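Residue numbers (my numbering): 37 to 397. Don't be surprised by glycine CBs; every beta carbon is placed ideally from N, CA and C. Quick caveat, the model's predicted, so the values are computed rather than measured.
Here it is in structure tokens:
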């Protein structure tokens, strides 16, 4: 039975055909990860071993924590360029505390335990997020400018604290009661690295917040249309501040895990990681304009970057070519995002049927 314009005007719904191109675009991160696993498994027999997968997952955990914090900021239509420097700063704070804090006035040196050192480092990461959020929400500074300035401030403070040198051997001394930092980087629970478990817990919490809480709805509303959300009673300024705080906390946790893995803290750690975090969010399908994105997609994006980088190292590709490949993946992801989000759909208005229109069978 063939429907004429009269039938369409009468309200009959046309049969929807399977749009393969749409499915490929929406599932691009999963397909890219599957392709990477297949290709590198063929190129290297060691790629798909359990031990190597766990090692790569440990590397991905750093990128994923940064990307999840960045996702929340991007969902509001903002951006945070300070996450990489916050990572390095938090690592330096933890290392500085574990090596001892000299109090020359009293002639003593304090050696905080691991829990206190990690807690202070993470809270300072959150404080950096507070400053970013206040600059953006209260003082109306453009997110790019505010967080770019904070990037330089935080990295400069880390360099001043260390005179530009790496703080080595932060494993502590049993006699001083400040040992145990390696637990985060090297220990495993049920065979899974602690860093990966922390990543999974953070991802689960953020996913539940976005899907099941009022704050999550406020966040998406803010990114969709901040002015309309504010008129609807959404506390846009408060939401904006909190997403930057969470991004700072995620960055600080990643910094502590990285310092634990290396048992050292470098003030330059995290250089360009802010771009990697943005790339993970974009590859995962989030819109840079805000309002669209998921934790699941962001995790897939982080795994795409991490597995691609480690796979290229495993097969002996030059570091310069690694940069080229990762950059190409990011460009392709942005192009696909523009295909999915860049063109608004036009709603076709039903046209009046001609007077002599009939339905044939």
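Spatial distance of residue i from residue j (CA atoms)
{"i": "residue 188", "j": "residue 56", "result": "45 Å"}
{"i": "residue 73", "j": "residue 142", "result": "58 Å"}
{"i": "residue 359", "j": "residue 275", "result": "35 Å"}
{"i": "residue 346", "j": "residue 140", "result": "45 Å"}
{"i": "residue 146", "j": "residue 138", "result": "6 Å"}
{"i": "residue 218", "j": "residue 198", "result": "21 Å"}
{"i": "residue 93", "j": "residue 267", "result": "43 Å"}
{"i": "residue 361", "j": "residue 148", "result": "43 Å"}
{"i": "residue 111", "j": "residue 171", "result": "18 Å"}
{"i": "residue 184", "j": "residue 114", "result": "12 Å"}
{"i": "residue 382", "j": "residue 253", "result": "Reliability of the predicted coordinates at residue 382 is poor, the pLDDT of 47 falling under 50, and no value is obtained from them."}
{"i": "residue 271", "j": "residue 280", "result": "15 Å"}
{"i": "residue 71", "j": "residue 287", "result": "29 Å"}
{"i": "residue 240", "j": "residue 332", "result": "10 Å"}
{"i": "residue 250", "j": "residue 124", "result": "33 Å"}
{"i": "residue 235", "j": "residue 98", "result": "8 Å"}
{"i": "residue 168", "j": "residue 334", "result": "22 Å"}
{"i": "residue 348", "j": "residue 265", "result": "45 Å"}
{"i": "residue 344", "j": "residue 77", "result": "12 Å"}
{"i": "residue 350", "j": "residue 269", "result": "52 Å"}
{"i": "residue 200", "j": "residue 299", "result": "17 Å"}
{"i": "residue 75", "j": "residue 88", "result": "15 Å"}
{"i": "residue 355", "j": "residue 263", "result": "45 Å"}
{"i": "residue 327", "j": "residue 177", "result": "20 Å"}
{"i": "residue 109", "j": "residue 82", "result": "37 Å"}
{"i": "residue 64", "j": "residue 296", "result": "33 Å"}
{"i": "residue 364", "j": "residue 311", "result": "14 Å"}
{"i": "residue 210", "j": "residue 237", "result": "30 Å"}
{"i": "residue 321", "j": "residue 173", "result": "26 Å"}
{"i": "residue 191", "j": "residue 66", "result": "35 Å"}
{"i": "residue 180", "j": "residue 278", "result": "17 Å"}
{"i": "residue 248", "j": "residue 193", "result": "39 Å"}
Bounding residues of the beta strand (DSSP E) (the contiguous stretch that carries residue i)
{"i": "residue 139", "result": "137–139"}
{"i": "residue 146", "result": "144–146"}
Same chain, Cβ closer than 6 Å to residue i, five either side skipped, listed in chain order
{"i": "residue 44", "result": "Unreliable positioning characterises residue 44 in this predicted model, as indicated by a pLDDT of 46, which lies under 50. A coordinate reading is not provided."}
{"i": "residue 313", "result": "102, 103, 106, 119"}
{"i": "residue 216", "result": "150"}
{"i": "residue 212", "result": "147"}
{"i": "residue 68", "result": "340"}
{"i": "residue 202", "result": "300, 302"}
{"i": "residue 144", "result": "none"}
{"i": "residue 84", "result": "77"}
{"i": "residue 162", "result": "281, 284, 285"}
Reference residue i, options the options, closest by Cα
{"i": "residue 273", "options": "215, 175, 84", "result": "175"}
{"i": "residue 230", "options": "294, 161, 245", "result": "294"}
{"i": "residue 220", "options": "232, 212, 213", "result": "232"}
{"i": "residue 166", "options": "182, 155, 253", "result": "182"}
{"i": "residue 156", "options": "309, 63, 376, 284", "result": "284"}
{"i": "residue 315", "options": "264, 78, 342", "result": "342"}
{"i": "residue 195", "options": "329, 327, 305", "result": "305"}
{"i": "residue 352", "options": "288, 173, 69, 79", "result": "79"}
{"i": "residue 34", "options": "87, 116, 240", "result": "Here the chain comprises residues numbered 37 to 397, so residue 34 is not present and cannot be evaluated."}
{"i": "residue 86", "options": "322, 349, 227", "result": "227"}
{"i": "residue 243", "options": "364, 329, 375, 82", "result": "329"}
{"i": "residue 208", "options": "355, 65, 135", "result": "135"}
{"i": "residue 225", "options": "84, 90, 159, 75", "result": "90"}
{"i": "residue 95", "options": "327, 132, 222, 248", "result": "222"}
{"i": "residue 154", "options": "298, 377, 302, 290", "result": "290"}
{"i": "residue 164", "options": "303, 121, 152", "result": "121"}
{"i": "residue 302", "options": "82, 311, 204", "result": "204"}
{"i": "residue 159", "options": "237, 321, 292, 210", "result": "292"}
Boundaries of the alpha helix (DSSP H) in which residue i is found, first to last residue
{"i": "residue 279", "result": "272–298"}
{"i": "residue 321", "result": "Per DSSP, residue 321 belongs to no alpha helix (DSSP H) and is neither H nor E."}
{"i": "residue 196", "result": "179–198"}
{"i": "residue 331", "result": "331–350"}
{"i": "residue 88", "result": "86–111"}
{"i": "residue 372", "result": "355–377"}
{"i": "residue 266", "result": "262–267"}
{"i": "residue 246", "result": "230–248"}
{"i": "residue 64", "result": "64–79"}
{"i": "residue 122", "result": "119–134"}
{"i": "residue 157", "result": "150–173"}
{"i": "residue 222", "result": "218–222"}
Spatial neighbours of residue i in its chain, beta-carbon cut-off 8 Å, leaving aside the 5 residues before and after
{"i": "residue 318", "result": "324, 337, 366, 369, 370, 373"}
Heavy atom of the ligand PLP within 7 Å of residue i beta-carbon
{"i": "residue 327", "result": "Judged by which ligands are present, the structure shown has none, so any question about the ligand PLP falls away."}
Other residues of its chain near residue i: CB distance less than 7 Å, five sequence neighbours each side excluded
{"i": "residue 186", "result": "118, 164, 167, 168"}
{"i": "residue 245", "result": "251, 252"}
{"i": "residue 152", "result": "none"}
Next on the checklist: Within 8 Å, do at least three Cβ pairs link the segment 254–269 to the segment 128–137?
Outcome noted: no
Item to check | Any 3 or more C-beta pairs closer than 8 Å across the segment 101–108 and the segment 331–341 | outcome: yes
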